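One structure below.
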């Protein structure tokens, strides 16, 4: 079921690919953050192939040329690889991620926004995220605030969407609502067969699982199919309050995950 040898081979390939791409990425970032972002997208797409994932995407990012906030469910650190291969955006992550071995370094290199999720820090962190958006960066938010077992979507925390309460000022001086696009992600198949509930913990990372052991186990699986659904983008201007926007995003994402896990996605 899990091949330790395959896991080690894929991890070695992942490490070599990373070492190969980091130098040109750093050089490009000194010249253009936008072009560096294209290298990040290329990097994650390479990782997807190396670790044996097949990504099936429905819909597409709708941000266009401007910044947007993508709101997704969260089952595992592997979500970063999947969404990073599809969306030209940076991630919002809890501050602890910066200290993770390996992944913390990658997150810092990819210009992840690290936030303190304590209630007392909400206003400061909102301003930090808003600053990145106003500078043209699209961001990906895992609105559950933690990872889950992959079988369901936890409640979204409306405080994490507080950045949507203020519009963004464009180069023309006009203030526009921040586009918010819900995104559903689910690990659905292994070697072409439906991924059972019992198998999902090999990919979902939660509780007291160790990172290194889980990563080698996940990489030692066969070919994993991951499905992603991009729902229509919206903004806070379409809702009475931030909480209503949060519920809307949660319901779309949760229904999308349930549909994909049931094998009913069109």
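Residue numbers (the numbering used here): 8 to 273. We put the beta carbon where it would ideally sit given N, CA and C, even for glycine. Note that the structure is a prediction, hence the values are computed from the model and not measured.
- Secondary structure at residue 78: strand, using DSSP grouped into helix, strand and coil.
- DSSP, read as helix, strand or coil, puts residue 105 in helix.
- Residue 69 is positioned such that its CB atom lies no closer than 8 Å to that of residue 184.
- Comparing alpha-carbon positions, the option among 194, 220, 199, 245 lying closest to residue 266 turns out to be 194.
- Residue 236 has 65, 191 as its beta-bridge partners, per DSSP.
- For residue 77 against residue 148, the beta-carbon gap comes to about 7 Å, under 8 Å, which counts as contact.
- Looking at the DSSP output, residue 149 bridges to 79.
- Here DSSP, grouped into helix, strand and coil, assigns residue 88 to helix.
- For residue 174 and residue 182, the gap between their C-alpha atoms comes out near 6 Å.
- Here the alpha carbons of residue 179 and residue 205 stand approximately 53 Å from one another.
- For residue 120, the uninterrupted beta strand (DSSP E) segment begins and ends at 120–122.
- Contact between residue 229 and residue 197 holds: their C-beta atoms lie close to 6 Å from each other, under 8 Å.
- Taking 8 Å as the cut-off, the Cβ atoms of residue 190 and residue 23 do not count as close.
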